[in-house]
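2 protein chains.
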Amino acid sequence: MSLRHAILTLLATEPGSGYDIVQHFKQSLGYFWNAKHQQVYLELRRLSEEGWLDCQVEAQSDKPDRKVYTLTDSGMAELQRWLREPAAANKINDALLVKLYGGTLIEADNLRDELARHVDIHQQTLHSLREIEKLYLALDDAQKAQHRLPYLTLRRGILGEEAWLKWADEVAAEL
Amino acid sequence: MSLRHAILTLLATEPGSGYDIVQHFKQSLGYFWNAKHQQVYLELRRLSEEGWLDCQVEAQSDKPDRKVYTLTDSGMAELQRWLREPAAANKINDALLVKLYGGTLIEADNLRDELARHVDIHQQTLHSLREIEKLYLALDDAQKAQHRLPYLTLRRGILGEEAWLKWADEVAAEL
DNA sequence: CCTTGCATGTAACAGGTTACATGATTAT
DNA sequence: ATAATCATGTAACCTGTTACATGCAAGG
Chain R
1 MSLRHAILTL LATEPGSGYD IVQHFKQSLG YFWNAKHQQV YLELRRLSEE
51 GWLDCQVEAQ SDKPDRKVYT LTDSGMAELQ RWLREPAAAN KINDALLVKL
101 YGGTLIEADN LRDELARHVD IHQQTLHSLR EIEKLYLALD DAQKAQHRLP
151 YLTLRRGILG EEAWLKWADE VAAEL
Chain U
1 MSLRHAILTL LATEPGSGYD IVQHFKQSLG YFWNAKHQQV YLELRRLSEE
51 GWLDCQVEAQ SDKPDRKVYT LTDSGMAELQ RWLREPAAAN KINDALLVKL
101 YGGTLIEADN LRDELARHVD IHQQTLHSLR EIEKLYLALD DAQKAQHRLP
151 YLTLRRGILG EEAWLKWADE VAAEL
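These protein sequence lines are chains R and U, in that order.
Heads up: the first sequence runs through residues 1 to 175, numbered per full-length UniProt numbering.
Heads up: the second sequence runs through residues 1 to 175, numbered per full-length UniProt numbering.
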């Protein structure tokens, strides 16, 4: 479990609501972290109960109230403790590869369609990551320096998607 | 959940015990599927209860008894039904990227060490995948044709690890 | 009128991890 | 002696998903 620490990491940059965090996961950070809103709201409550977050309700005129969470000192201490701890290598469970592995048991057309669907998804992801990269590259040096590490995670997304699509080409040629 | 279908896929090629399946996950298939032995034994029991697997106890002289599971006709039907169903895109939760993202909050040395540790792991994985690839490439054409699809999943592992290491080079240069 | 976005949650369930448990054989 | 390999499991716990729930505002 590191959803709680992913949340603390995001809130270390700037305070935000559960909704904000979910939007981050859905948009720019989706290539390395995903969570449903239910899970996020649950963790936010727990993190507050443990004293790692402060919560302030922000009333809005035309939209529903927001609960804005801020990292506390002990929250920052916990985050740093976790950051220093070694991370386990990522566990991968890839259903598409299982399907390809067992692909001789079904029609080749089915497999080709499935691959094409996934190629579309990965191309779209790659495209949106490259758009974000453009924004970064247009920054001046001082701003670039500030977002150096998030940019490196973005590069992981880009290189990862490029490699995936290169692989898909190999597969398409064989199928 | 597709652990049950990953198991059915493996047993479609040849019957095996829970232990055999876990070994597959630990060794050659670890780059696309992972599961603990407890979970595998649990699923095997459930799959038998649903009539998708047959179980035969094989006594061994010097080693403990083995429960060898075989796919039934209805198990094969279920597997094919699942294989034809579209797979959701893979969900990624990568703690290392979260740590990199929040890396400004801790010492740079810590980050470099962590990266080096992961580079080691990925290099070892890539090495063992390449060893498996050599075995495939040495096969004659008929045998190659037989293992075409599993080989394509292996290529995914190799291209994925190569891309990961290429990214790690970029990161190391920046850190 | 209907859908999307904003914004938050509860409850039931499914899936996965950790701890504990057993016991023989083989290698260091 | 000690650890590793083979081989199977139970129980408690933690994490994540799905279904259900509310309610206003803006846009087509």
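Heads up, the beta-carbon is just placed ideally off N, CA and C, and yes, glycines get one too.
Interface criterion not met: the Cβ of D140(U) is under 7 angstroms from no Cβ in chain R. At a Cβ-Cβ threshold of 7 angstroms, G75(U) and L53(U) count as neighbours.
Rounded to the nearest angstrom, the gap between the Cα atoms of L135(U) and H147(U) is 11 angstroms. Counting only runs that start and end inside the UniProt domain "Transcription regulator PadR N-terminal" (7 to 80) of chain R, the beta strand (DSSP E) elements of at least 3 residues fall at 53 to 58, 66 to 71. With a threshold of 7 angstroms between beta carbons, P150(R) makes contact with chain U. Cβ-Cβ distances below 8 angstroms link V171(U) to L100, L115 in the same chain, with the five nearest sequence neighbours on each side left out; the list follows chain order. E162(U) and E131(U) have their C-alpha atoms spaced approximately 14 angstroms apart.
With its beta carbon at least 7 angstroms from every one in chain R, A145(U) lies outside the interface. Here T125(U) is buried, its C-beta having at least 16 other C-beta atoms within 10 Å. Contact annotation: in the segment 8 to 30 of chain U, residues whose CB is within less than 9 angstroms of a CB in chain R are L8, T9, L10, A12, T13, L29, G30. Excluding the 5 residues flanking it on each side, V40(R) has same chain C-beta neighbours closer than 6 angstroms at G18, I21, V22, in chain order.
Taking the C-beta atoms as reference points, L3(R) is found nearer than 7 angstroms to A35(R). Between the segment 85 to 98 of chain U and the segment 61 to 72 of chain R, the count of Cβ pairs shorter than 8 angstroms is below three; the stretches do not touch. DSSP places L152(R) within a helical segment (H, G or I) once states are collapsed to three.
Q38(R) and R45(R) have their alpha carbons spaced roughly 11 angstroms apart. Exclusion of the five residues before and after E49(R) leaves no residue of its chain whose Cβ lies closer than 6 angstroms to its Cβ.
The beta carbon of S2(U) falls within 7 angstroms of a beta carbon belonging to chain R, placing the residue at that interface. Distances from the alpha-carbon of Y151(U) to those of G16(U), S28(U), V119(U), N90(U) put S28(U) closest. Going by C-alpha positions, T104(U) is about 14 angstroms away from A77(R). Among the residues of the segment 41 to 62 of chain U, none has a Cβ less than 7 angstroms away from any Cβ of chain R. Annotation: A6(R) to E43(R) spans about 11 angstroms, alpha carbon to alpha carbon.
Contact annotation: N90(U) and W33(R) have beta-carbon atoms that are not nearer than 7 angstroms. Between the alpha carbons of H122(U) and R66(R) lies a gap of roughly 42 angstroms. Chain U places no beta carbon closer than 7 angstroms to that of G75(R), leaving this residue out of the contacts.
Spatial neighbours of V119(R) in its own chain (CB-CB distance under 6 angstroms, excluding positions within 5 residues in sequence) are listed in chain order as A168. In this structure, the alpha-carbon of C55(U) lies about 27 angstroms from that of L97(R).
Ranked by Cα distance from H127(R), the options Y31(R), L149(R), T13(R) are led by Y31(R).
Within the same chain, Cβ atoms closer than 8 angstroms to the Cβ of T72(R) are found at G51, W52, L53, D54, the five residues on either side in sequence being excluded. Rounded to whole angstroms, the gap between the alpha carbons of L129(R) and Y69(U) is 45 angstroms.
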